[in-house]
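Colleague: Provided herewith is a single structure, encoded as structure tokens, for subsequent inquiry.
Number of protein chains: 2
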Amino acid sequence: MTPDKTNLGTNYVFRALADPTRRAIFEELARHGEQTVHALTGYAGVSQPAVSKHLTVLKRAKLVRHRREGRETHYRAQPDALTPMVDWLRHYGAFWRDRFDRLEVLLERMDP
Amino acid sequence: MTPDKTNLGTNYVFRALADPTRRAIFEELARHGEQTVHALTGYAGVSQPAVSKHLTVLKRAKLVRHRREGRETHYRAQPDALTPMVDWLRHYGAFWRDRFDRLEVLLERMDP
DNA sequence: ACAAACCATAACCATATGGTTATGGTTTCT
DNA sequence: AGAAACCATAACCATATGGTTATGGTTTGT
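Okay, here's the thing in structure tokens:
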């Protein structure tokens, strides 16, 4: 009846990627690899604290990991955290379901 | 340098699906087909005006279409509007890119 | 004709969100 | 040692967001 809204992990991923600045930060990390907060601040066009807060949200969704090195913190994308979103698309995007299903089968055949 | 946040279509889709109630409504429509606002209200667990507003947001993202029939409005999912999200995943989900690319190639071969 | 059902919009409210500047803690550089 | 760089958190602010109740316009049922 009333829908189940208790899937926090999935919710965190969708919410994290709903903001364009956060998406841009994730894209930058996915494309150009590990970056410091300082470097990301230069890229993102907002203040350093804003970037830090965005990174916290991405961290909560496990979309980024961080590594402290001296005074700087290096962040990198963790793209496998997108799995919940991919799964959601597979289940509810009827248009894509066939393609996904066929992908599953084909990949099974290719790597045993 | 500073990221491009002007891709409104993509942004609408991500924002629309960021809310769990909205996702639930879309899921319900995708699974069980066309529904009236009244039926969706019974399902969603929030008031009828709340459902109407959610449907407006989903409409803006082109994730649903509506059809007036007398005093009731029937909504149905428009899953191909998920394309921007699928494309985004293909580009920036490095973990998934290989699989998507292979899918493209394989589908090319299968239906000419 | 009247009442009821269906839906959208208005008006309103509390909280979440995304941004800022200020501050303080480490770490590095001179 | 002292200054500067890097980052996270605090404090604050304006707006967006998601919900509610109230209302009004159509359409349907009696």
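So the sequence lines, in the order shown, correspond to chains A and B. The numbering used here applies: residue 1 is where the first sequence begins, and numbers increase by one. The numbering used here applies: residue 1001 is where the second sequence begins, and numbers increase by one. Even glycine gets a Cβ: it sits at the ideal position worked out from N, Cα and C.
#1: List the endpoints of the continuous alpha helix (DSSP H) containing B/Val1013.
#2: Do A/Ala44 and A/Ala16 count as a contact pair if the criterion is CB distance below 8 Å?
#3: Taking the beta carbon of B/Pro1079 as the centre, do at least 16 other beta carbons fall within 10 Å, making it buried, or is it exposed?
#4: Hey, does B/Pro1112 have any beta-carbon neighbour from chain A nearer than 8 Å?
#5: Comparing alpha-carbon positions, which option in A/His91, A/Thr73, A/Arg68, A/Val51 lies nearest A/Arg22?
#6: Can you grab the Cα-Cα spacing for the pair B/Glu1069 / B/Glu1034, in whole Å?
#7: Which residues, in chain order, does the region 1044–1073 of chain B contribute to contact with chain A at a C-beta distance below 7 Å?
#8: Once the 5 residues before and after B/Ala1081 are set aside, which same chain residues still bring their CB inside 8 Å of it?
#9: Opposite B/Val1064 in the DSSP bridges: which residues?
#10: Which two residues bound the contiguous alpha helix (DSSP H) that contains B/Arg1090?
#11: Does A/His38 pass the burial test, meaning 16 or more other C-beta atoms within 10 Å, or should it be called exposed?
#12: Indicate the three-state DSSP secondary structure (helix, strand or coil) for B/Asp1111 in the structure shown.
#13: Given a cut-off of 8 Å, decide if A/Ala30 and B/Tyr1092 are closer than it, judged by their beta-carbon atoms.
#14: Note the first and the last residue of the continuous alpha helix (DSSP H) segment covering A/Thr21.
#15: Could you say which of B/Leu1089, B/Thr1041, B/Asp1004, B/Gly1009 lies nearest to B/Glu1072 if we only look at CA atoms?
#16: Just to check my reading of the structure: A/Leu89 and B/Met1085 have Cβ atoms closer than 8 Å, yes? What is that Cβ distance to the nearest angstrom?
#17: Does the beta carbon of A/Leu40 come closer than 8 Å to any beta carbon on chain B?
#18: Which class does B/Thr1002 belong to by DSSP, given the choice of helix, strand or coil?
#19: Looking at the C-beta of B/Glu1027, does it have a partner C-beta in chain A at a distance below 8 Å?
Modeller: According to the structure data:
#1: The count along the second sequence starts at 1 and reaches residue 1013 of chain B at position 13. It spans 1008–1016 - the alpha helix (DSSP H) in which B/Val1013 sits, taken as one unbroken run.
#2: Sequence index remark: in the first sequence, residue 16 of chain A carries index 16 (1-based). Sequence index remark: in the first sequence, residue 44 of chain A carries index 44 (1-based). No; because the gap between Cβ atoms is not below 8 Å, this pair is not in contact.
#3: To locate residue 1079 of chain B, count along the second sequence from 1; it is residue 79. Buried is the call here.
#4: Taking the first residue of the second sequence as 1, we reach residue 1112 of chain B at position 112. Bear in mind that the predicted position of B/Pro1112 carries a pLDDT of just 40, short of 50, making it unreliable; the figure below should be weighed with that in mind. Not one chain A Cβ lies under 8 Å of B/Pro1112.
#5: The residue you call residue 22 of chain A lines up with position 22 of the first sequence. Looking at the Cα atoms, A/Val51 is the closest of the given residues.
#6: Counting from one through the second sequence, the residue named residue 1069 of chain B turns up at place 69. Counting from one through the second sequence, the residue named residue 1034 of chain B turns up at place 34. Roughly 12 Å between the two C-alpha positions.
#7: Ala1044, Gly1045
#8: Here residue 1081 of chain B refers to the residue found at position 81 when the second sequence is read from its first residue. Excluding positions up to five away in sequence, the list reads Val1013, Ala1061, Lys1062, Leu1063.
#9: In the second sequence, residue 1064 of chain B corresponds to position 64, counting from 1. Paired residue(s): B/Ala1077.
#10: Position 90 of the second sequence, counting from 1, holds the residue named residue 1090 of chain B. Its alpha helix (DSSP H) spans residues 1083–1092.
#11: Residue numbering aside, residue 38 of chain A sits at position 38 when the first sequence is read from its first letter. The residue in question, A/His38, is exposed, as its Cβ has fewer than 16 Cβ neighbours within 10 Å.
#12: In the second sequence, residue 1111 of chain B corresponds to position 111, counting from 1. Per-residue confidence for B/Asp1111 stands at a pLDDT of 46, beneath the threshold of 50, marking its modelled position as unreliable; the derived number appears in the next sentence. In the structure shown, B/Asp1111 sits in coil (DSSP, three-state: anything other than H, G, I, E or B).
#13: In the second sequence, residue 1092 of chain B corresponds to position 92, counting from 1. In the first sequence, residue 30 of chain A corresponds to position 30, counting from 1. Going by C-beta atoms, B/Tyr1092 is nearer than 8 Å to A/Ala30.
#14: Translated into positions along the first sequence, residue 21 of chain A becomes position 21. 20–32 is the extent of the alpha helix (DSSP H) around A/Thr21.
#15: Position 72 of the second sequence, counted from the first residue, corresponds to residue 1072 of chain B. For the residues B/Leu1089, B/Thr1041, B/Asp1004, B/Gly1009, the minimum Cα distance to B/Glu1072 belongs to B/Thr1041.
#16: Numbered from its first residue, the first sequence carries residue 89 of chain A at position 89. Numbered from its first residue, the second sequence carries residue 1085 of chain B at position 85. Yes, A/Leu89 and B/Met1085 are in contact; Cβ-Cβ is about 7 Å, under 8 Å.
#17: What you label residue 40 of chain A is simply residue 40 of the first sequence in a count that begins at 1. Chain B contact via Cβ: absent.
#18: As a working mapping, residue 1002 of chain B is identified with position 2 in the second sequence. DSSP places B/Thr1002 in coil when its eight states are reduced to three.
#19: If you number the second sequence from 1, residue 1027 of chain B lands on position 27. For B/Glu1027, the answer is yes, since a Cβ of chain A falls inside 8 Å of its Cβ.
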